[in-house]
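Okay, so here's the structure we're looking at.
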Amino acid sequence: MVTIRPAAVAGMFYPGSAKTLSHDVQAYLDAAQPPVLRPKALIAPHAGYIYSGPIAATAYALLRPLKGTIKRVVLLGPVHRVWVQGLALPGVDFFQTPLGDIPLDRAAIAEIAALPQVEVSLAAHAQEHSLEVHLPFLQSVLGDFQLVPLAVGGATPAQVSEVLERLWGGPETLIVVSSDLSHYLTYPEARDKDRNTLDTLLHLEPRLVGEQACGAHPVNGLLATARRKGLTPHLLDLRNSGDTAGDKNRVVGYAAIAFTEPEQAKAAIPDKGKLLTDMARASIAAKLAGEKVVLPYPDWLKENGATFVTLTQNGQLRGCIGSLEAHRPLGQDLLENARAAAFRDPRFAPLSADELPRTRVEVSILSKAMPMQFNGEADLLRQLRPGVDGILLEHGIHRATFLPQVWEQLPEPRSFMAHLKQKAGLPADFWADDMRISRYTVDKYKEALP
């Protein structure tokens, strides 16, 4: 007999009508501005959609180009109602949402069912929202897939990691861990606490506790596995309910984080770097020849994205122009910025046809810039990650950015920020408490030396 776990929180955490639910999820996804990444694992929040939907969508929008590739989702979330000592399977054949029924992956479940930390508990799943709220997003971006749902209680990082190792698979498998961050603090308190939590998380340190993240047990297991496998974490979004739909007196924190495997970009999209740099070069060459560049666009280049194009000659800068926000399709942004770097960088004369053969092209794809929270300049400098962070500085009419590549010339945070202030037209020692600092990361692709 076929058994189904029916939707428990439809009409409460998210709309109960299939039409309304589909519309709302698509609206959240369309508003998201994720970077171009091929995630192996995600951390996303599980509150009601009006509170955490925009943050979760930042993670799930990454999956749109992977429809048809991802066939299995291993979904782990903390128990809120019925305690289990380890990890619990539901013992059913399907999970149901207003968007349809999702089959469970019986073969994958059989791989872990005999582990001592894994039990079957329909009671742990029956009213649990931490898994269910993710399913409409997954249905919307992936279409058909099979599910391995695990409600996690007191499992240790090693116990969770053992399960993940057995289910890791290849590009057909996605790991999703459900967790919110701090609970019911004031807005300023939550921002400080969540920032510290993210510092631990982004350093892949599996030592979170429940006060930091309600999904600490499954998150710690993922972090232990990610560290062992060399995964790279990417912060996609960090907000709280005071930023979305709640008041600022008692807020809940939310983060969206993607984890990518080593060399994932090259493996997921063959010759991605060469395609991007070739497109940039072709755009410049077409402009020099007075022609219109016409190039085929893979689907992932049709998603909105932000790029910088950097030109060098003999290691010296020859032009650099880019976008800080994803406001147009990635492919279009790349072609426009390539021409701007070659012909409209005010620091240099327009590139000539004779120069192009000895000019090296580098393309950077930017993640979404996230505002930093800090208490004074010393705290800001302490938070900076040399070699990782691109920094955007804004104060009044002054605005400037340094890509992460600039750390190669300015490896010391104080010097890095001093030069960035000067680039923005401010004194090197300038400081104002209302100065806005955001950071982002980049995936960069450079041509071979000419």
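In the numbering used here, the protein residues as written are 2 to 451.
Heads up, the beta-carbon is just placed ideally off N, CA and C, and yes, glycines get one too.
What residue range does the beta strand (DSSP E) around Y185 cover? On the sequence shown, residue 185 is found 184 positions in, with the first residue counted as 1. Element bounds for Y185: 184-186.
With distances taken between CB atoms, is the gap from E133 to A225 smaller than 8 Å? Within the sequence shown, residue 133 is the residue found at index 132, counting from 1. Within the sequence shown, residue 225 is the residue found at index 224, counting from 1. No; because the gap between Cβ atoms is not below 8 Å, this pair is not in contact.
In angstroms, rounded to a whole number, what distance separates the CA positions of G316 and E363? Residue mapping note: residue 316 aligns to position 315 of the sequence shown, counting from 1. Residue mapping note: residue 363 aligns to position 362 of the sequence shown, counting from 1. So the two alpha carbons sit approximately 12 Å from each other.
Could you check whether the stretch 84-95 touches the stretch 124-132, counting it as contact only if at least three pairs of C-beta atoms, one from each stretch, sit closer than 8 Å? yes
Suppose you measure from the CA of T157 to the CA of H218; what does that come to, to the nearest Å? Taking the first residue of the sequence shown as 1, we reach residue 157 at position 156. Taking the first residue of the sequence shown as 1, we reach residue 218 at position 217. Roughly 7 Å between the two C-alpha positions.
Among K422, H396, L76, nearest to D435 - alpha-carbon criterion: Against the sequence shown, residue 435 aligns to sequence position 434. Selected option, being the one with the closest Cα: H396.
How many angstroms separate the CA atom of R348 from the CA atom of F309? Here residue 348 refers to the residue found at position 347 when the sequence shown is read from its first residue. Here residue 309 refers to the residue found at position 308 when the sequence shown is read from its first residue. Straight-line Cα distance between these residues: approximately 16 Å.
Entirely enclosed alpha helix (DSSP H) segments - the stretch 48-86, minimum 4 residues: 50-61
Through-space distance from S416 to S439, alpha-carbon basis: In the sequence shown, the residue the question calls residue 439 occupies position 438. In the sequence shown, the residue the question calls residue 416 occupies position 415. When rounded, the distance between both Cα atoms is 17 Å.
Does the contact criterion of 3 or more C-beta pairs under 8 Å hold for the stretch 223-238 versus the stretch 160-179? yes
Among V149, G231, S180, G247, whose alpha-carbon lies nearest the alpha-carbon of Y188? On the sequence shown, position 187 is the one that residue 188 refers to. Comparing Cα positions, the closest option is G247.
In whole angstroms, what separates the C-alpha of L63 from that of A114? Taking the first residue of the sequence shown as position 1, residue 63 is located at position 62. Taking the first residue of the sequence shown as position 1, residue 114 is located at position 113. Whole-angstrom Cα-Cα distance: 30 Å.
Starting from the C-beta of A58, find all residues in its chain whose C-beta is less than 6 Å away, skip the five residues before and the five after it, and write them out in chain order. Working through the sequence shown from its first residue, we reach residue 58 at position 57. For A58, where only same-chain residues beyond five positions count, the Cβ hits under 6 Å are Y29, L30, A33.
With 16 as the cutoff for other CB atoms within 10 Å, does E470 come out buried or exposed? Since the displayed the chain opens at 2 and closes at 451, residue 470 lies outside it and no answer follows.
Assuming L441 and L385 form a contact by the criterion Cβ under 8 Å, report the distance between their Cβ atoms to the nearest whole angstrom. As a first step, residue 441 is located in the sequence shown; it is residue number 440 there, counting from the start. As a first step, residue 385 is located in the sequence shown; it is residue number 384 there, counting from the start. The sequence as given places Tyr at residue 441; Leu does not occur at that position. Contact doesn't hold; Cβ gap of about 13 Å is too wide.
Please state if the CB of A259 and the CB of I56 are separated by a distance shorter than 8 Å. Against the sequence shown, residue 56 aligns to sequence position 55. Against the sequence shown, residue 259 aligns to sequence position 258. For I56 and A259, no; Cβs fall outside 8 Å.
Considering only DSSP beta bridges, list what S23 is partnered with. Here residue 23 corresponds to residue number 22 of the sequence shown, with the count starting at 1. Answer is none; S23 lacks a bridge partner.
Would T198 and H235 qualify as a contact pair, given that the criterion is a beta-carbon distance under 8 Å? Start at 1 with the first residue of the sequence shown, and residue 198 comes out as number 197. Start at 1 with the first residue of the sequence shown, and residue 235 comes out as number 234. Cβ distance not < 8 Å, so T198 and H235 don't count as in contact.
Would you please state the rounded distance, in angstroms, between the beta carbons of G170 and R107? I believe it to be under 8 Å. By 1-based counting over the sequence shown, the position of residue 170 is 169. By 1-based counting over the sequence shown, the position of residue 107 is 106. No, G170 and R107 are not in contact; Cβ-Cβ is about 15 Å, not under 8 Å.
Considering only residues of the stretch 107-171, which uninterrupted alpha helix (DSSP H) runs meet the minimum length of 4 residues and lie entirely inside it, listed in chain order? 107-113, 123-127, 130-133, 136-143, 158-168
Buried or exposed: which applies to M2, given that a residue is buried once 16 or more other Cβ atoms fall within 10 Å of its Cβ? In the sequence shown, residue 2 corresponds to position 1, counting from 1. Exposed is the call here.
Tell me which residue opens and which closes the beta strand (DSSP E) that D1 is part of. The chain is shown from 2 up to 451; residue 1 falls before or after that span and cannot be answered.
Tell me where the beta strand (DSSP E) around V407 begins and ends. Position 406 of the sequence shown, counted from the start, is the residue given in the question as residue 407. Premise fails: V407 is in no beta strand (DSSP E) and is neither H nor E.
Using CA coordinates, which residue listed in D279, A286, K422 is at the minimum distance from E448? As a working note, residue 448 is residue 447 in the sequence shown. Comparing Cα positions, the closest option is D279.
Roughly how many whole angstroms lie between the Cα atoms of K194 and L205? In the sequence shown, the residue the question calls residue 194 occupies position 193. In the sequence shown, the residue the question calls residue 205 occupies position 204. Whole-angstrom Cα-Cα distance: 17 Å.
So V153 and L77 are supposed to be a Cβ contact under 8 Å. How far apart are they, rounded? By one-based count along the sequence shown, residue 153 stands at place 152. By one-based count along the sequence shown, residue 77 stands at place 76. That pair is a contact at about 5 Å.
Count the C-beta pairs between the stretch 391-406 and the stretch 417-428 that are closer than 8 Å, then say yes if the count reaches three, no if not. yes
Classify D355 as buried or exposed, calling it buried when 16 or more other Cβ atoms lie within 10 Å of its own Cβ. The count along the sequence shown starts at 1 and reaches residue 355 at position 354. By the neighbour-count rule (16 or more Cβ atoms within 10 Å), D355 is not buried but exposed.
What ranges does the alpha helix (DSSP H) occupy inside the stretch 286-367, keeping only unbroken runs of at least 4 residues that lie completely in it? 331-344
For the pair the stretch 15-29 and the stretch 39-51, tell me if three or more CB-CB distances fall below 8 Å. yes
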